[in-house]
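The block underneath contains the structure these notes are about, expressed in C-alpha cells.
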Amino acid sequence: MKLRTWGQLKRAHQAGPFRYCKVGTGMNTRLSKDLWVMMRKNIPLLYLVNNGLTLRTRIPASKVSISENCLQKGYTLYIHMEKPNRESGPHESAVISTMDGRPKLTDEQTWKDLKNYFAQNGSKININHLMKSDPSRFEKYSLLIPTPEDGNILIDFSKNRVDDNALSLLLKLAKARKVEAARDAMFSAEKINFTEDRAVLHTALRNRSNTPILLDGKDVMPEVNAVLNHMREFTQQVISKTWKGYTGKSIEDVVNIGIGGSDLGPLMVTEALKPYAVGPKVHFVSNIDGTHLAETLKKLNPETVLFIIASKTFTTQETITNALSAKKWFLSKANDPSTVSKHFVALSTNAPKVIEFGIDEKNMFGFWDWVGGRYSLWSAIGLSIALYIGMDNFERLLAGAHFIDNHFRTAPLEKNVPVILALLGVWYHNFYGAETHALLPYDQYLHRFAAYFQQGDMESNGKYVTRSGGVVDYSTGPIVWGEPGTNGQHAFYQLIHQGTRLVPADFIAPAQTHNPISGGQHHKILLANFLAQTEALMKGKTSEEARAELEKSGLKGAELEKILPHKVFQGNRPTNSIVVKKVTPFVLGALIATYEHKIFTQGVIWDINSYDQWGVELGKQLAKAIEPELQDSSPVSTHDPSTNGLINFLKANF
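Quick note: the working numbering has the sequence shown finishing at residue 872, numbered continuously throughout.
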C-alpha cells in the first residue's frame, strides 16, 4: 500500500489509540526536519516505505543505524513524516532506525509465568534445603571460565533462592526479551543509545582481535589503534624519564583531574593494580570542593608533576575549574606560561579549547561520542592507568575485558555469566522486592570496586522511562554498595544477616594474594571469613542450634530464654561467589566487563536505555541558575521557600 499523507496513514490503522512521539531531528536535507514514530499501545508501528523505495535508495547508508539482515530479527521500523499535525499534502517517509516490537515487560507471558511461579513457590524456596536435597547443586549452579594465562574464573551461584523451574523461566524471559538480538545490535554498532542517537562501542576500545567494527560504514578500529599507539608512545616517554619538566627533571607524580567516569574508573583500576605499578605515583582530583585539589597540591612539586585534564568537551565545570586552579598554582611557581605544555596534557576532542589552555595539541588524546563516560576507562581516559602500570599491563586489562566480551557474545544463555548474574538480579529485585545489591570483594586492592559500579549500575539503570516513553510499573536499577571484607563484617553485615531487608550479595575473592605476609596466614584468615560468610548467610542458625550453644556456654533458665531469640539467624540470604586465581590486569578487565554486560542485560529486560544519563543534567542546570545568586549578599525569593531559606542562610554566613 502506498500512503502519501498523514491522514491516510492514520486512517489505515483505525484500531488506535495512537500517540505520535517525536524522537529526533532531521538527518539530511532530503528529509524533513522532524522524525516521528507512530505509537499504538506503546508499540511502534510502521507498515510502509513511501513509493515502494528501498532502504538503501531512500537514505544513505551512513544515515541509517540498521542493516537489512537486522530487519529479519523481529525489529519494528520507525517512520519519518514531515508534519504529523497536518491532514493533507505529500509527505516523505523512510526507514530511519530500529526498535523491536516486544510487548510491555509486565505483559510478557514469561513474566506472568514467573510472577505466578513466585506467588506459589517464592516463599518456600530455601537455599539450604536445595543444597541438601541435591548433592550436585554446586556443579549444576556454577560456571568455570578458563582464561588463557591467568587461571580459572569460578562463578558459584548455587547459594541463591533459585530452583530449576525458576532458572528455566528466567532464561525464557531473557529469550523473550531478545537479549541476544540486543547484544548483537550493540556489538554491530547499531545506535542502541536511542535518546542520543549513538552507538555503544566501549567494546571496540578493547577489541584485541582488531576485527573491523563498522559505524556508519567506517571501521572505527584504525582510530582506536592510533590513540592506543599515541598512549604507548607518551607513557614510554614518561616512565622511561625521557619526558622532562620545565627544569629538566623527570615526572614523579601524575594528577588526573576529571569527574564521574573520567575519575571513578581510573581511580578504581590504579588502586586495584598497585602491585603492577611501574610509573609515577598517581593522584585523582574530582570534587569541585577546593579541599580536594588543595590537599592534593600540598604533596606535589611543580617541577615534577604532570596534570591530565580529562574532559571530552573541555567545558565540564568541575573539571575545568579544578584545571584552571591547578594551572594557577603551577604558574605561581614556574612563572612562565610556555612551561604549561610540559606539565599538562588533555583527554579531550575540543582542540581549540585545549590549545587556548596552553596544552600542545600533540598532547591531546581523543575519544568518541560512542564511549560513555562510565565505560571510558578503556579509552584515552585510562591514560593515568597506563602511566601507572605501563602500557603492556594496560593492554592486558583490555585483553581481559575482550575475553569476557567474546564469552558474552558466544556462550549460550544458560552458560553465560553476565546473563546469569543479570537474571538473578531481576529475580530478586522484581519478585522478592530487594532494592539493593552488595559487592563485597575480599581483596583490599578492590576497595573502590563497589564505588565504581555505583556509577556503572545506578547511572545506567536508574531509569523509570521505557524505550517507548512510558513509565515502568516495576523496579529497575538497584542501589549498589559495598566494602571490602573483612571490614564490612564489622560494619554492615549485621543488617545482611538479621535485618529486615533482603540484600543479595556478590562475594569476590582471589585464591592467591599479592602480599603473602606471615607465610600467607593473613590471606588464609581472609579466605576463611569469605567462605564462612556465604555459608552462614545460607544456613543461618536454628533455635535448636542456638540453644545448644548457649547451654554449652553455661546459660540456662530465664537467662537463656531471654537471649535465645537474638541468637537465631533465619539464613536463606542469597550470595554469588566469584573466585579468581589472582587479581591481575587481565582478571580485573574480565571482572569489570562481566558487570558491564550484566548491567546491559538487565537494561534490555527492563526496556530502558542504559546508556544515557539525563538525571545528571538537571542538577547542573539548576546549579548554573543559582551560582550568580551567591555572588552578593541580597536575599533571594525566586525559588521555593526551602531553597530560598537555604540560600539566604548561606549568604548570611559567608
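For each residue, glycine too, the CB sits at the ideal point set by N, CA and C.
{"Check": "Supposed contact pair Arg-627 and Arg-401 - C-beta distance, whole angstroms, cut 8 angstroms", "Outcome": "7 angstroms"}
{"Check": "Alpha-carbon to alpha-carbon, Val-503 and Ser-543", "Outcome": "12 angstroms"}
{"Check": "Status (buried if at least 16 other CB within 10 Å, exposed otherwise) for Pro-430", "Outcome": "exposed"}
{"Check": "Option in Gly-508, Val-805, Thr-684 with minimal Cα separation from Phe-412", "Outcome": "Thr-684"}
{"Check": "Cβ neighbours of Pro-498 in the same chain (closer than 6 angstroms, five flanking residues each side left out)", "Outcome": "Ile-469, Glu-470, Asp-471, Val-472"}
{"Check": "Buried or exposed (CB count within 10 angstroms, at least 16 for buried), Leu-809", "Outcome": "buried"}
{"Check": "Secondary structure of Pro-728, DSSP reduced to three states", "Outcome": "strand"}
{"Check": "Reduced DSSP secondary structure (H/G/I, E/B, other) of Ala-723", "Outcome": "strand"}
{"Check": "DSSP beta-bridge partners of Lys-462", "Outcome": "Ser-468"}
{"Check": "His-655, enclosing beta strand (DSSP E) - first and last residue", "Outcome": "654 to 659"}
{"Check": "Reduced DSSP category for Ala-870 - H, G, I as helix; E, B as strand; rest coil", "Outcome": "helix"}
{"Check": "Short Cβ contact (8 angstroms threshold) for Tyr-660 with Leu-745", "Outcome": "yes"}
{"Check": "Spatial neighbours of Val-558 in its chain, beta-carbon cut-off 6 angstroms, leaving aside the 5 residues before and after", "Outcome": "Gly-576"}
{"Check": "Sequence-distant residues of its chain with Cβ nearer than 7 angstroms to His-448 (five each side left out)", "Outcome": "Phe-583"}
{"Check": "One or two residues paired with Met-486 in a DSSP bridge", "Outcome": "DSSP output for Met-486 lists no bridge partner at all."}
{"Check": "Cα-Cα separation, Thr-533 to Tyr-335", "Outcome": "52 angstroms"}
{"Check": "As assigned by DSSP and simplified to three states, the class of Ser-311", "Outcome": "Unreliable placement is indicated for Ser-311, whose pLDDT of 32 sits below 50; no coordinate value is reported for it."}
{"Check": "Anticipated Cβ contact below 8 angstroms, Asn-346 with Met-676, distance rounded", "Outcome": "No, Asn-346 and Met-676 are not in contact; Cβ-Cβ is about 31 angstroms, not under 8 angstroms."}
{"Check": "3 or more residues per run - each beta strand (DSSP E) lying fully within the region 514 to 562", "Outcome": "523 to 528"}
{"Check": "Where Ser-351 sits in the DSSP three-state scheme", "Outcome": "helix"}
{"Check": "Where Pro-570 falls, given that 16 or more other Cβ within 10 Å makes a residue buried", "Outcome": "exposed"}
{"Check": "Buried versus exposed call for Asp-481 [16 or more other C-beta atoms within 10 Å across all chains shown]", "Outcome": "buried"}
{"Check": "Test item: CB-CB of Lys-445 and Ala-598 under 8 angstroms", "Outcome": "It should be noted that the sequence gives Val, not Lys, for residue 445. Against a cut-off of 8 angstroms, the Cβ pair of Ala-598 and Val-445 comes out as a contact."}
{"Check": "Straight-line gap, Gly-476 to Leu-518 (C-alpha atoms, nearest Å)", "Outcome": "18 angstroms"}
{"Check": "Boundaries (first-last residue) of the alpha helix (DSSP H) holding His-740", "Outcome": "739 to 757"}
{"Check": "Integer-rounded CB distance, given that His-561 should sit under 8 angstroms from Val-500", "Outcome": "No, Val-500 and His-561 are not in contact; Cβ-Cβ is about 15 angstroms, not under 8 angstroms."}
{"Check": "Three or more C-beta pairs below 8 angstroms linking the region 627 to 644 and the region 701 to 719", "Outcome": "no"}
{"Check": "Buried or exposed (CB count within 10 angstroms, at least 16 for buried), Thr-694", "Outcome": "buried"}
{"Check": "Selection from Asn-794, Lys-759, Lys-377 that minimises the alpha carbon distance to His-784", "Outcome": "Lys-759"}
{"Check": "Lys-774 versus Lys-330: straight-line alpha-carbon distance, rounded", "Outcome": "51 angstroms"}
{"Check": "CB of Val-637 within 8 angstroms of CB of Thr-365, strictly", "Outcome": "no"}
{"Check": "Cβ-Cβ distance between Phe-621 and Tyr-813 below 8 angstroms", "Outcome": "no"}
{"Check": "Chain-order list of residues whose beta-carbon lies under 7 angstroms from that of Leu-601 (same chain, five-residue window excluded)", "Outcome": "Met-449, Ile-526, Leu-565, Phe-583"}
{"Check": "Alpha-carbon to alpha-carbon, Gly-643 and Lys-681", "Outcome": "16 angstroms"}
{"Check": "The alpha helix (DSSP H) enclosing Ser-602, as first and last residue numbers", "Outcome": "601 to 607"}
{"Check": "Own chain residues within Cβ distance below 6 angstroms of Asn-794, not counting five before or after", "Outcome": "Phe-375, Asp-724"}
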